[in-house]
Ligand SMILES: *[C@@H]1O[C@H](CO)[C@@H](O)[C@H](O)[C@H]1NC(C)=O
Ligand SMILES: *[C@@H]1O[C@H](CO)[C@@H](O)[C@H](O)[C@H]1NC(C)=O
């Protein structure tokens, strides 16, 4: 009898210890963000939402951007994942190693160069007094694939206002006008590339069929960043720059470029590990002469028409627009593809 009572006490102690531990875990980690949506009622953004009830960020991205329109996560900031290029530029290579590549302001560098894909980045920046190097940020990308050219960049911005979209987009020389508002979408005439707004302004998902998927944001250098790193940013220019994350679907073993090289199986990362700012050198090897010129020393790209992309016959000047017209419309006859809105 006495033994039995003792067992109960032990059980109670175990239960309460478990409860305390659970409480500690809950207090320690922030719960995933959530948001309430009302079906068919316009939200803060003026758009109808398509779901009712509470939506929640997944555990894998507790601080995600939630959208009633998408009925869930619309966007997850990915600066801490493989394939990212953020800040002043800080990279996370295909091998998982963090590194910095400073380059020079007002110059272009090969980020990725492979046989069927080439990505140049335009660096902006400034040199403050008594510094031996430029502070730099990625302001634009020039992406070459097949015989196509895609440009995505930020306008120059004085004072930052997150509600004002700053994207500049071109496909094969035509300006793309992507309507504002989450979910608005543009698809190229032959569907090689699709662009979706994942927030009302300044965040896109860009997919190039069979080659890459990317999340592309525009962010300013904040007053706080400027204070901590002594960038001396003023209200005249907040150095709005891109925040990037890439998923590559089809790189070859000979891929190169500042970021690309880290995906090559034979790559041995030269950066010093365990230091606060592991630096990747190679300015000379990776420098290109313009945003769309694949002419850095490390370049691998050949502009050829790959048969893998099926020609749907919806060419630039085609009048046989078999597109779902309720969803998409041709872009004012300017030939730059179709503007689609959900
Ligand atoms: C730069 O160096 C000069 C000479 O050493 C010094 O007088 C000046 O105050 C420095 N400027 C800044 C912004 O540190
Ligand atoms: C590309 O990324 C978006 C956003 O994460 C995702 O919804 C989509 O399914 C991805 N596409 C492919 C082909 O992986």
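Numbering (our numbering), first residue to last: 871 to 1212. Think of the CB as a built atom: it goes at the ideal place given N, C-alpha and C, for glycine as much as any other residue.
Alpha-carbon to alpha-carbon, residue j and residue i
| i | j | result |
| --- | --- | --- |
| residue 1171 | residue 1141 | 25 Å |
| residue 1064 | residue 936 | 21 Å |
| residue 1143 | residue 1155 | 22 Å |
| residue 954 | residue 911 | 36 Å |
| residue 1015 | residue 923 | 42 Å |
| residue 1118 | residue 1105 | 37 Å |
| residue 1129 | residue 1000 | 29 Å |
| residue 1088 | residue 944 | 16 Å |
| residue 957 | residue 996 | 14 Å |
| residue 990 | residue 966 | 21 Å |
| residue 1096 | residue 1030 | 14 Å |
| residue 1236 | residue 906 | Here the chain has residues from 871 to 1212 only, and residue 1236 is not among them. |
| residue 1023 | residue 1101 | 21 Å |
| residue 1197 | residue 1045 | Confidence in residue 1197 is poor, its pLDDT being 30 and thus under 50, which makes the residue's placement too unreliable to answer from. |
| residue 927 | residue 1069 | 15 Å |
| residue 1158 | residue 982 | 12 Å |
| residue 859 | residue 1093 | What is shown of the chain runs 871 to 1212, which leaves residue 859 out entirely. |
| residue 929 | residue 901 | 8 Å |
| residue 920 | residue 1002 | 54 Å |
Contact belief for residue i with residue j at Cβ below 8 Å, rounded distance in angstroms
| i | j | result |
| --- | --- | --- |
| residue 947 | residue 1027 | Wrong, their Cβ atoms sit about 19 Å apart, outside the cutoff. |
| residue 973 | residue 1005 | Actually they are not in contact, since the Cβ atoms of residue 973 and residue 1005 sit about 11 Å apart, beyond 8 Å. |
| residue 1148 | residue 969 | 5 Å |
| residue 986 | residue 1048 | Actually they do not touch by this definition, with Cβ atoms about 25 Å apart. |
| residue 903 | residue 933 | 6 Å |
| residue 988 | residue 1168 | So it is not a contact: roughly 10 Å between Cβ atoms. |
| residue 1133 | residue 942 | In fact, because the Cβ distance is near 30 Å, the residues do not count as touching under 8 Å. |
| residue 939 | residue 1052 | 5 Å |
| residue 1071 | residue 1085 | Actually they do not touch by this definition, with Cβ atoms about 15 Å apart. |
Cβ-heavy atom distance, residue i to ligand 2, below 7 Å
| i | result |
| --- | --- |
| residue 1115 | no |
| residue 1075 | yes |
| residue 1072 | no |
| residue 1083 | yes |
Own chain partners of residue i with C-beta closer than 8 Å, once the 5 adjacent residues on each side are dropped
| i | result |
| --- | --- |
| residue 893 | Caution is warranted here: a pLDDT of 37 is assigned to residue 893, below 50, making its placement in the model unreliable, and the coordinate value is therefore given only provisionally. Once the five neighbours on either side are set aside, residue 893 has no close Cβ partner at all. |
| residue 1083 | 1075, 1076, 1077, 1116, 1117 and 1119 |
| residue 1162 | 990, 1012, 1014, 1019 and 1021 |
| residue 896 | Residue placement at residue 896 cannot be trusted, given a pLDDT of 38 that sits under 50; what the coordinates show is reported in the next sentence. Nothing meets the Cβ criterion. |
Cross-strand partners of residue i (DSSP beta bridge)
| i | result |
| --- | --- |
| residue 1005 | 996 |
| residue 1030 | Per DSSP, none; premise fails for residue 1030. |
| residue 1061 | Paired residues: none, contrary to the question. |
| residue 1141 | Partner(s): none; residue 1141 has no beta bridge. |
| residue 1126 | 983 |
| residue 1074 | 1067 and 1086 |
Neighbourhood of residue i by C-beta, 6 Å cutoff - its chain only, sequence neighbours within 5 removed
| i | result |
| --- | --- |
| residue 1111 | 1007, 1008 and 1009 |
| residue 1079 | 1062 |
| residue 961 | 955, 969 and 1129 |
Same chain, Cβ closer than 7 Å to residue i, neighbours up to 5 away in sequence not counted
| i | result |
| --- | --- |
| residue 872 | Residue placement at residue 872 is poorly supported in this model, since its pLDDT is 49, which falls under 50; the coordinates are not used for a value here. |
| residue 1122 | 984 and 985 |
| residue 971 | 959, 961, 1128 and 1150 |
Residue i: CB within 7 Å of a non-hydrogen atom of ligand 4
| i | result |
| --- | --- |
| residue 1029 | As for ligand 4, it is missing from this structure, which binds only ligand 1 and ligand 2. |
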